[in-house]
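Enquirer: Quick mapping for you: the protein sequence lines, in order, are chains A and B.
Everything in the first sequence is counted per the working numbering, starting at 2 for the first residue and increasing by one.
Everything in the second sequence is counted per the working numbering, starting at 44 for the first residue and increasing by one.
The structure that follows is given in the form of structure tokens.
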Amino acid sequence: MAVVDTATARPPEPDLERMFKEHHTLVFRAAYRITGNADDAEDVMQTVFLRMMKREPGAEPIANLASFLHRSAVNAALDLARQRQNIRNIPMDEMEPVLAEPAFRSPERAHASGEIREWLRGALARLNPRIAEMFSMRFFEGKDNPEIARLMNTTPGTVAVTLSRTRDRLQKELQAYMGGAA
Amino acid sequence: MNLESFEPMDPRLEQAVTEIHNDEPDTATIEAAAERVWARLAAAQHEGHEHIRGCDDFQALIPEYRAGRLPIARATLLKDHLHECVACRRVYEGRVVAMPVASQTRKASNTVRWATAAGVLLAAGLTVWFAMDQYGGRSGRAFIQAVNGTVYEVTADGNLRPLASGQDLPDGGEIRTAKDSDAMVQLRDGSVVELRERSGFSTVASANDLTIRLNRGSIIVQAAKRRTGHLYVATTDCRVAVTGTVFSVVSGVKGSRVSVVEGEVHVAQNNQDHVLHPGDQMATSLAIEPGTVRDDVAWSRNKDKLGQQLDKLRVSLQQVPLPAMRYSSKLLDRLPAETVVYGSIPNLGPYLAQTQALFGQNLAQSPELRAFWSTKGGDIDRTVEKLRAASEYLGDEIVMLGFAGENGQMDGMAFLAETKRDGFAEFLKKELPGAAVEMRPGLVAFGPHAASVARLASALDKPAGGFQGTPFYARIAEAYRNGAGMMLAADLSQMHNPQAEAQGVRYFLAEQKEVNKEMELRATVGFAGERPGIAGWLGAPAAMGSLDYVSPEATLVTGFVVKDPKAIVDQLSTVGGNFVGRGEGPANGVALTKELAASLGGEFSLSFDGPIFPPSWKLICEVYDPVAAQAALQHVVEAFNAELVKNGKKPLRTATETAEGRTYYMIAGADPNPITEAHYTFADGYLIAGPTRALISKALQTKMAGTSITRSSTFLALEPRDHYANYSALIYENLGKTLAPFAGLIGSFVPPQARGGGRGGPDPLAAISDMKPLLIGAYAEGDTITVAANGNMLAKGMSNMLGGNLLGVIGSAMPMGQMQGARRR
Numbered sequence: 002m003a004v005v006d007t008a009t010a011r012p013p014e015p016d017l018e019r020m021f022k023e024h025h026t027l028v029f030r031a032a033y034r035i036t037g038n039a040d041d042a043e044d045v046m047q048t049v050f051l052r053m054m055k056r057e058p059g060a061e062p063i064a065n066l067a068s069f070l071h072r073s074a075v076n077a078a079l080d081l082a083r084q085r086q087n088i089r090n091i092p093m094d095e096m097e098p099v100l101a102e103p104a105f106r107s108p109e110r111a112h113a114s115g116e117i118r119e120w121l122r123g124a125l126a127r128l129n130p131r132i133a134e135m136f137s138m139r140f141f142e143g144k145d146n147p148e149i150a151r152l153m154n155t156t157p158g159t160v161a162v163t164l165s166r167t168r169d170r171l172q173k174e175l176q177a178y179m180g181g182a183a
Numbered sequence: 044m045n046l047e048s049f050e051p052m053d054p055r056l057e058q059a060v061t062e063i064h065n066d067e068p069d070t071a072t073i074e075a076a077a078e079r080v081w082a083r084l085a086a087a088q089h090e091g092h093e094h095i096r097g098c099d100d101f102q103a104l105i106p107e108y109r110a111g112r113l114p115i116a117r118a119t120l121l122k123d124h125l126h127e128c129v130a131c132r133r134v135y136e137g138r139v140v141a142m143p144v145a146s147q148t149r150k151a152s153n154t155v156r157w158a159t160a161a162g163v164l165l166a167a168g169l170t171v172w173f174a175m176d177q178y179g180g181r182s183g184r185a186f187i188q189a190v191n192g193t194v195y196e197v198t199a200d201g202n203l204r205p206l207a208s209g210q211d212l213p214d215g216g217e218i219r220t221a222k223d224s225d226a227m228v229q230l231r232d233g234s235v236v237e238l239r240e241r242s243g244f245s246t247v248a249s250a251n252d253l254t255i256r257l258n259r260g261s262i263i264v265q266a267a268k269r270r271t272g273h274l275y276v277a278t279t280d281c282r283v284a285v286t287g288t289v290f291s292v293v294s295g296v297k298g299s300r301v302s303v304v305e306g307e308v309h310v311a312q313n314n315q316d317h318v319l320h321p322g323d324q325m326a327t328s329l330a331i332e333p334g335t336v337r338d339d340v341a342w343s344r345n346k347d348k349l350g351q352q353l354d355k356l357r358v359s360l361q362q363v364p365l366p367a368m369r370y371s372s373k374l375l376d377r378l379p380a381e382t383v384v385y386g387s388i389p390n391l392g393p394y395l396a397q398t399q400a401l402f403g404q405n406l407a408q409s410p411e412l413r414a415f416w417s418t419k420g421g422d423i424d425r426t427v428e429k430l431r432a433a434s435e436y437l438g439d440e441i442v443m444l445g446f447a448g449e450n451g452q453m454d455g456m457a458f459l460a461e462t463k464r465d466g467f468a469e470f471l472k473k474e475l476p477g478a479a480v481e482m483r484p485g486l487v488a489f490g491p492h493a494a495s496v497a498r499l500a501s502a503l504d505k506p507a508g509g510f511q512g513t514p515f516y517a518r519i520a521e522a523y524r525n526g527a528g529m530m531l532a533a534d535l536s537q538m539h540n541p542q543a544e545a546q547g548v549r550y551f552l553a554e555q556k557e558v559n560k561e562m563e564l565r566a567t568v569g570f571a572g573e574r575p576g577i578a579g580w581l582g583a584p585a586a587m588g589s590l591d592y593v594s595p596e597a598t599l600v601t602g603f604v605v606k607d608p609k610a611i612v613d614q615l616s617t618v619g620g621n622f623v624g625r626g627e628g629p630a631n632g633v634a635l636t637k638e639l640a641a642s643l644g645g646e647f648s649l650s651f652d653g654p655i656f657p658p659s660w661k662l663i664c665e666v667y668d669p670v671a672a673q674a675a676l677q678h679v680v681e682a683f684n685a686e687l688v689k690n691g692k693k694p695l696r697t698a699t700e701t702a703e704g705r706t707y708y709m710i711a712g713a714d715p716n717p718i719t720e721a722h723y724t725f726a727d728g729y730l731i732a733g734p735t736r737a738l739i740s741k742a743l744q745t746k747m748a749g750t751s752i753t754r755s756s757t758f759l760a761l762e763p764r765d766h767y768a769n770y771s772a773l774i775y776e777n778l779g780k781t782l783a784p785f786a787g788l789i790g791s792f793v794p795p796q797a798r799g800g801g802r803g804g805p806d807p808l809a810a811i812s813d814m815k816p817l818l819i820g821a822y823a824e825g826d827t828i829t830v831a832a833n834g835n836m837l838a839k840g841m842s843n844m845l846g847g848n849l850l851g852v853i854g855s856a857m858p859m860g861q862m863q864g865a866r867r868r
């Protein structure tokens, strides 16, 4: 990969501080929703702004900084979650649910919403990154399909179909995870 | 959230999605995180101007990052780079060997190679044997086999979790040893890894291979035989591939070093593969000098297996009870009046028999001990056997006697004992043909000097030997009443010893006995009339409040109760004269001394209680009148200064300062120098003096907190047990703790062959490091002074006694000769 020559890079981004002040809350919250804890969200925040700091001087200007940072945060958070799980990604067309956890948990535990939240975060980390990003933006961040399509350079129809298939798959996985408790 | 365009979602999934969507961290958490992140970003921005030009530069930072020494800004940059660069992340994870600057592989010469190979054979053999013997082969389970000290897991969240012996190892986690700790770890494939102190590794399993990722420190690996796959050891700059070998790997800041003890290993570095054989060594950096394989495995716990066996034997032997104490003696009343030396030992037959049996068991179980004993044991076995055989003829006690001869010289030694069965004379003549033996009904007198034996025998022919009624007899009888173990007494007044006569010493009595499985040592010196000289300064045992100001960390402590404070002042005057380097006293010194002495109580202590430099001396004096004492000290200083000025020299500096309601005084040499400063204050009837005010404050805090040395477990464990509640004087040392680092430092500059005088003698530096705490108490009463300590000097004392080495016995009986320390309780 290309590595920035930090010795010869342009002077420190003059707008970095302003950018950080204006958007750090947005980045942290997006990261927090996906990682589920403040320490990881802090790591994500650092990663996102460190990458902004290291942008090439001639890089294309960012049209919508808030959206860009928001998406960066989602992706960095998903990256982190994937690293923590250290698992392979499941391609989009692989429809069979994959058990991430042993089945037959007790109904009491399975019904605990906190546990399902953690399971959902783990399931997202196992998804194809592009699908996981799409799902997170739609359901965690509340963006609508046209905006997601614009951000991800695709069509709203593709977004809708992808999200529908993903939802179905997650529901199957959840049922398998519940081990009959469903 | 608008979900209308979808089919209804599973309610549980919808609930989870909604909860995550609404999961909002509080503002304070966000802002605190933002503050930290911005600080790191700002630092990284600044750091970014320094040269990190690409992956090579980032990879060069990895060792420092692993060691936790990378500045936070650079660590931030590296961490981020590892997130986004797969190539560097693989290097960091040890899956790919980095390509550092080309370095020359070094190998030891053939001679050194084979010499070191031979040298480590024992350690290697012991390692293999020990591991196989103790832990068996592979179990499919990774666990901690043994821990000496502390070993812990570095968890994913960066916390440390202590691990215990027998505990299973977590997958993927780093195992790390603390300082002064080591551990034996068995991996899933049956390989055994021994970790040195401050070492850490983790393991990664893939397919049939297992990789030990050595993050820091040193390990010795005994690789299990494998049918498939390899065991790898990866450091930051090399990778070692092995099957069924024993080798060590050291990974440090400068690079790595691999030493092979057994088998063959392949070391990959800089895209080159090096094959090493037993005795071979390879360093990955020119900055690492080749050492010896022996040195690289010298820290192994198995190297010391012999030492451990000997320690085990020593502990076992200590469990063998000595004969019970004797409270009277049938032999004492039969001695002649001219007896001037009296030694008494219990019949050690049963003790020797048990010891012999126990020793035999240990030899049978330990090939190392057998080998050691076959070369070092010499004639000890035969000697012990003779003693044991002789003891079967004799009663419970054997006494050794010396008689006053002409011109005050002592005649040869003779021995006296009761007999349990006939045949001792024949036995002795057979074993010691030159020995004289005289048998009497129920008694036997024997020894190397026929005249002495005859003299003893003639006394035995009388109903009473004439010894009864002498003051010397009375002292010995008193010792019996308190319980006797081993005893040696000498009537010095009858031996015309000029030194003893000059000191007014009349008799000496040393005892060693076992009480509650602990050895006690006690020596008493009796004087003719008043105790003279320094012995006369000591007062009767009394409470020592001055010790309340001494902390448990003190390395040397002395405390005294004196009859006459003037004696202290005289001593201090001398020290004061030397202190200013003049040795001159004021003309009215005697008057000033009396003035100062009048204000002092009868107790003081001098200790070293803190850092070695500047010397943390601490003087505590009991003071009955602080105002008068300060006035007297001021007069002393003024008188000294007048004298110094008269001689054209600079006067002492003095100062007074009040802090927190307490007045501190300072007396110092003319030129500022921390060594020549003395600070002091008065509190609770004591003068507390030291080189700094901080030390005095600490002393006051120690007193206030009630955490003085007299409350410390180390001190309490060393106190001799007797009927005295107080001491007249005491000396406590814990110098080993302080001096060991210095001895180690000095030792690192002294070649091993140069220690012990180059003759293979004892290493004085090692002896310093091994010094154990010691407490000697003294009790002054009337015309006697008794010193007491806990210790086990039976072997040495018995050896001297049986050899007739009186001075040796006295020397071993005096606790000051036992600075190696007493057995801990």
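Positions of the beta carbon are idealized from the N, C-alpha and C atoms, including for glycine.
1. Tell me whether B:N65 sits in a helix, a strand or coil according to DSSP, three-state version.
2. Taking Cβ positions, are A:L135 and A:M153 nearer each other than 8 Å?
3. Would you identify the three-state DSSP class for B:N690, choosing helix, strand or coil?
4. Is it buried or exposed, B:A76, if we count other Cβ atoms within 10 angstroms and call 16 or more buried?
5. Report all residues from its chain with a CB closer than 6 Å to the CB of B:P584; omit the five preceding and five following residues, and keep chain order.
6. What are the uninterrupted segments assigned as alpha helix (DSSP H) that are 4 or more residues long and contained completely in the stretch 683–747 of chain B, given in chain order?
7. Spell out whether any CB of chain B is found under 8 Å from the CB atom of A:M54.
8. Along chain A, which residues have their Cβ under 9 Å away from the Cβ of B:L203?
9. Check whether the Cβ of B:P213 lies closer than 8 Å to any Cβ atom in chain A.
10. Beta-carbon of A:Y178 versus every beta-carbon of chain B: anything under 8 Å?
11. So which residues of chain B does A:I117 contact, with C-beta pairs closer than 9 Å?
12. One question on the structure: do B:W660 and B:L649 come within less than 8 Å of each other, judged by their Cβ atoms?
13. Our contact map puts B:S589 next to B:Y729 with C-beta atoms below 8 Å; I'd like the distance itself, whole angstroms only.
14. Any Cβ of chain B within less than 8 Å of the Cβ of A:H24?
15. Taking all protein chains shown into account, decide if B:F656 is buried (16 or more other Cβ within 10 angstroms of its Cβ) or exposed.
16. Where does B:E521 land, buried or exposed, given buried means 16+ other C-beta within 10 angstroms?
17. With a threshold of 8 Å between beta carbons, is B:T220 in contact with chain A?
18. Below 8 Å on C-beta distance, what does B:R83 contact in chain A?
19. Does any residue of chain A bring its CB to less than 8 Å from the CB of B:T72?
20. Indicate whether B:P114 and B:T279 have their beta-carbon atoms separated by less than 8 Å.
21. Mark B:Y275 as exposed unless 16 or more other C-beta atoms lie within 10 angstroms of its C-beta, in which case mark it buried.
22. Would the beta-carbon of B:F209 fall within 8 Å of that of B:V197?
23. Determine the DSSP secondary structure at B:N843, reduced to helix, strand or coil.
24. Between which residues of its own chain and B:T462 is the CB-CB distance below 8 Å, once the five residues before and five after are set aside?
25. Residues of chain A with a CB under 9 Å from the CB of B:D123: which are they?
26. If contact is defined by three or more beta carbon pairs under 8 Å, each pair taking one atom from either stretch, is the stretch 595–604 of chain B in contact with the stretch 750–768 of chain B?
27. According to DSSP, is B:L773 helix, strand or coil?
28. Of all Cβ atoms in chain A, is any one closer than 8 Å to the Cβ of B:E67?
29. With DSSP run on the structure shown, which of helix, strand or coil describes B:A520?
30. Pick out whichever of B:T745, B:R549, B:E440, B:K268 has its Cα sitting closest to the Cα of B:N251.
31. Using the DSSP secondary-structure output, state which residues sit across from B:A527 in a beta bridge.
32. Here's the rule: buried if 16 or more other CB atoms are within 10 angstroms of the residue's CB, otherwise exposed. What is B:Q404?
33. If you draw a straight line from the alpha carbon of B:V308 to that of B:T246, how long is it in whole angstroms?
34. Taking just the CA atoms, how far does B:H124 sit from B:V304?
35. Name, please, each residue of chain A whose Cβ falls closer than 8 Å to the Cβ of B:R32.
36. Taking C-beta pairs closer than 7 Å, name the residues in chain B that A:A192 reaches, listed in chain order.
Expert: Let me spell this out:
1. Position 22 of the second sequence holds residue 65 of chain B. In the structure shown, B:N65 sits in a helix (DSSP, three-state: H, G or I).
2. Translated into the one-based positions of the first sequence, residue 135 of chain A becomes position 134. Translated into the one-based positions of the first sequence, residue 153 of chain A becomes position 152. Residue identity check: residue 135 of chain A is Met in the sequence provided, not Leu. For A:M135 and A:M153, yes; Cβs fall inside 8 Å.
3. Start at 1 with the first residue of the second sequence, and residue 690 of chain B comes out as number 647. Coil, per DSSP.
4. Counting from 1 along the second sequence, the entry for residue 76 of chain B is found at position 33. Counting Cβ neighbours within 10 Å, B:A76 comes out buried, since at least 16 surround it.
5. In the second sequence, residue 584 of chain B corresponds to position 541, counting from 1. Hits under 6 Å: Y767, N769, Y770, S771, Y822.
6. none
7. Here residue 54 of chain A is taken as the residue at index 53 of the first sequence, counted from 1. At least one chain B Cβ lies under 8 Å of A:M54.
8. For the purposes of this step, residue 203 of chain B is identified with residue 160 of the second sequence, where counting begins at 1. Within chain A, no residue comes near B:L203; the closest Cβ sits about 17 Å away, beyond 9 Å.
9. Taking the second sequence and counting its residues from 1, one reaches residue 213 of chain B at position 170. Answer no: the Cβ-Cβ gap between B:P213 and chain A never drops below 8 Å.
10. In the first sequence, residue 178 of chain A corresponds to position 177, counting from 1. No, because no Cβ of chain B sits closer than 8 Å to the Cβ of A:Y178.
11. Residue mapping note: residue 117 of chain A aligns to position 116 of the first sequence, counting from 1. Going along chain B in sequence order, the residues near A:I117 (Cβ under 9 Å) are R55, L56, Q58, A59, E62.
12. What you label residue 660 of chain B is simply residue 617 of the second sequence in a count that begins at 1. What you label residue 649 of chain B is simply residue 606 of the second sequence in a count that begins at 1. In contact: B:W660 and B:L649 (Cβ atoms closer than 8 Å).
13. The residue you call residue 589 of chain B lines up with position 546 of the second sequence. The residue you call residue 729 of chain B lines up with position 686 of the second sequence. About 6 Å; that satisfies the 8 Å criterion.
14. As a first step, residue 24 of chain A must be located in the first sequence, where it is residue number 23. Closer than 8 Å: no.
15. As a first step, residue 656 of chain B must be located in the second sequence, where it is residue number 613. By the neighbour-count rule (16 or more Cβ atoms within 10 Å), B:F656 is not buried but exposed.
16. Position 478 of the second sequence, counted from the start, is the residue given in the question as residue 521 of chain B. Classification for B:E521: exposed.
17. Start at 1 with the first residue of the second sequence, and residue 220 of chain B comes out as number 177. B:T220 does not count as touching chain A.
18. Taking the second sequence and counting its residues from 1, one reaches residue 83 of chain B at position 40. Here the neighbours are Q47.
19. Position 29 of the second sequence, counted from the start, is the residue given in the question as residue 72 of chain B. For B:T72, the answer is yes, since a Cβ of chain A falls inside 8 Å of its Cβ.
20. The residue labelled residue 114 of chain B in the question sits at position 71 within the second sequence. The residue labelled residue 279 of chain B in the question sits at position 236 within the second sequence. In this structure, B:T279 does not lie closer than 8 Å to B:P114 by Cβ.
21. As a first step, residue 275 of chain B must be located in the second sequence, where it is residue number 232. So B:Y275 ends up on the buried side.
22. On the second sequence, position 166 is the one that residue 209 of chain B refers to. On the second sequence, position 154 is the one that residue 197 of chain B refers to. Sequence inspection shows Gly at residue 209 of chain B; the Phe mentioned does not correspond to that position. The answer is no: Cβ separation not under 8 Å.
23. Looking up residue 843 of chain B in the second sequence gives position 800. Reliability fails at B:N843, whose pLDDT of 45 lies under 50, so the model's placement of it is uncertain and the value that follows must be treated cautiously. Reduced to three states, the DSSP call for B:N843 is helix.
24. Position 419 of the second sequence, counted from the first residue, corresponds to residue 462 of chain B. Hits under 8 Å: Y436, L437, G438, M482, G485, L486, V487.
25. On the second sequence, residue 123 of chain B is found 80 positions in, with the first residue counted as 1. Near B:D123 (Cβ distances below 9 Å), the residues of chain A are Q47, T48, L51, R52, K55.
26. yes
27. For this step, residue 773 of chain B is matched to residue 730 along the second sequence. Three-state DSSP puts B:L773 in a strand.
28. Indexing the second sequence from 1 puts residue 67 of chain B at position 24. So, interface residue.
29. In the second sequence, the residue the question calls residue 520 of chain B occupies position 477. Helix at B:A520.
30. For the purposes of this step, residue 251 of chain B is taken as the residue at position 208 of the second sequence. Closest option to B:N251, Cα to Cα, is B:K268.
31. Position 484 of the second sequence, counting from 1, holds the residue named residue 527 of chain B. B:R369, per the DSSP bridge assignment.
32. Position 361 of the second sequence, counted from the first residue, corresponds to residue 404 of chain B. Its Cβ having fewer than 16 others within 10 Å, B:Q404 is exposed.
33. The sequence position of residue 308 of chain B within the second sequence is 265, counting from 1. The sequence position of residue 246 of chain B within the second sequence is 203, counting from 1. Taking the straight line from one Cα to the other gives about 19 Å.
34. Indexing the second sequence from 1 puts residue 304 of chain B at position 261. Indexing the second sequence from 1 puts residue 124 of chain B at position 81. Those two C-alpha atoms are separated by around 39 Å.
35. Because chain B is modelled from 44 through 868, residue 32 of chain B falls outside the range shown and cannot be assessed.
36. In the structure displayed, chain A extends from 2 to 183; residue 192 of chain A sits before or after that span and is not available.
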